[in-house]
Amino acid sequence: MVKIIIVNYNSEKWIDRCLSSIDQAGLIEHTIIIDNASTDSSLLSIEEKFPQADLIKLSSNLGFGQANNVGIKKAYEQDSDYVFLMNQDVYIEHDTIDCLIKIAETNPDFGILSPIHLNGNGSELDFSFSNYIIPGQCKKLYSDAFLQKLAPLYEAPFVNAAAWLLTRKCIEKVGGFSPSFYHYGEDDNYCKRVLFHGLKIGIAPQLIIYHDREHRTENIYFDNTALVHKRKLIKIFSDPFNNQQSVSKVYINCFKMMLKSLITLQLKSLKQHYQTIRMYTSIDWKMISHNKKKSLREGRSFL
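Structure below.
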């Protein structure tokens, strides 16, 4: 049995088409929607047009990872063999999920499977996704595609969580998303944990989804340089393969650079280093460390 999990937040532009694609695949009754306290019309649309879906309304916005964890936990407790995580701006084809499951059944060493991500209208590859299948990341896929001899599955170190098929085995070994991340970075961390626990990540090149996210000019999670730097630090210190970095070294290096700026009267640089240190102190390092240690243990962490 498979459960589809969608985290919804103010998705009125996409949710009808998203859920219609699931309905056409005959899977709407197997869909769990976690609403992150939406304030637009998307919630009403879901209730009126897709009452068969299991809708869970959260009182506050938990962020992408933690809201997905609510759905993953429920799906696991309902004895689901597979969980398909699907963005609210993603549309599937009628056989996408069924075909992914068939591939998973013959490749039990894979914890995450993903189809190819096209843009919203299917005219080209989703731009960000195209970076995950380059030869340095996804060996032989480009070459085999050019030579018209595609295999059903290719191993990769990372694919974003817009359309993940998670196996039950993966959930039992890796668990859910780390609460160290609010929005963005959680899928990168999860992929590293999947690899750490001895499972693989795969891309199925003969299956597709449509990721309708083009032409969005603003994104506070990427436009704000402080947020980007903070997320990068949390990713580094949450990486299960990273045993080298220490928080104290980061502070010491930053203080050294700030002192150098002060001595050389580089006031602009001094201000930047000061702001960086303030950002460091805003991070709950104890919580980050606790979550990392928890993620190193095999089991249903964070669920």
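Sequential numbering from 1250 applies to the sequence shown in the working numbering. Here a beta-carbon is modelled for each residue, glycine too, at the ideal position from N, C-alpha and C.
Check: May I have the straight-line CA-CA distance separating Ser1550 from Ile1254, to the nearest angstrom?; Outcome: 18 Å
Check: Straight-line CA distance for Ser1518 to Ser1510?; Outcome: 6 Å
Check: From His1432, Thr1416, Tyr1431, Lys1484, pick the residue whose C-alpha is nearest to that of Leu1448; which is it?; Outcome: Thr1416
Check: Can you tell me which of Ala1412, Asp1437, Ile1383 puts its alpha carbon nearest to the alpha carbon of Ser1487?; Outcome: Asp1437
Check: Whole alpha helix (DSSP H) runs in the stretch 1342-1415 with 4 or more residues, listed along the chain?; Outcome: 1345-1354, 1376-1379, 1390-1395
Check: Report all residues from its chain with a CB closer than 7 Å to the CB of Ser1544; omit the five preceding and five following residues, and keep chain order.; Outcome: Ser1427, Arg1442, Pro1489, Ser1550
Check: Expressed to the nearest angstrom, what Euclidean distance is found between the alpha-carbon atoms of Ser1538 and Tyr1325?; Outcome: 27 Å
Check: Within 10 angstroms of the Cβ of Asn1491, are there 16 or more other Cβ atoms? Answer buried if so, exposed if not.; Outcome: exposed
Check: Which class does Tyr1433 belong to by DSSP, given the choice of helix, strand or coil?; Outcome: coil
Check: Looking only at its chain, what residues have a beta carbon closer than 8 Å to the beta carbon of Lys1418, apart from the 5 residues adjacent to it on each side?; Outcome: Pro1357, Gly1360, Leu1448
Check: Taking 8 Å as the cut-off, does the stretch 1267-1279 touch the stretch 1327-1341 (at least 3 CB pairs, one atom from each stretch)?; Outcome: yes
Check: So Gly1321 and Gly1425 are supposed to be a Cβ contact under 8 Å. How far apart are they, rounded?; Outcome: Reading off the sequence shown, one finds Ile at residue 1321, where the question assumed Gly. With a Cβ gap of about 5 Å, Ile1321 and Gly1425 count as contacting.
Check: DSSP state of His1460, grouped into three classes?; Outcome: strand
Check: Can you check whether the CB of Leu1482 is closer than 9 Å to the CB of Tyr1529?; Outcome: yes
Check: Excluding the 5 residues flanking Ser1291 on each side, which residues of the same chain have their C-beta closer than 7 Å to its C-beta?; Outcome: Asn1257, Asn1259, Ser1260, Glu1261, Ile1264
Check: Excluding five sequence neighbours on each side, which residues of the same chain lie with their C-beta closer than 7 Å to the C-beta of Asn1199?; Outcome: Absent from the model: residue 1199. The displayed extent of the chain is 1250 to 1552, so no value can be given.
Check: Is DSSP giving Phe1333 helix, strand or coil here?; Outcome: strand
Check: Leu1304: which of Ile1277, Ser1531, Lys1505 sits nearest, CA to CA?; Outcome: Ile1277
Check: Cα separation between Leu1516 and Ile1420?; Outcome: 50 Å
Check: Where does Gly1451 land, buried or exposed, given buried means 16+ other C-beta within 10 angstroms?; Outcome: buried
Check: Count the other C-beta atoms from every protein chain shown that fall within 10 angstroms of the C-beta of Ile1512, then say buried if there are 16 or more, exposed otherwise.; Outcome: exposed
Check: Does the beta-carbon distance from Leu1396 to Leu1390 come in below 9 Å?; Outcome: no
Check: Who does Asn1257 pair with in a DSSP beta bridge?; Outcome: Asp1284
Check: How close, in whole Å, do the beta carbons of Pro1406 and Gln1386 come, if the pair is a contact with beta carbons under 8 Å?; Outcome: 6 Å
Check: Kindly indicate the opening and closing residues of the alpha helix (DSSP H) around Ile1264.; Outcome: 1264-1273
Check: Using the C-alpha atoms, what's the distance from Ile1458 back to Phe1313?; Outcome: 20 Å
Check: Name the one or two DSSP bridge partners that Leu1304 has.; Outcome: Ile1282
Check: By Cβ distance below 8 Å, which residues in the same chain neighbour Asn1380 in space, the five residues on each side in sequence not counted?; Outcome: Gln1386
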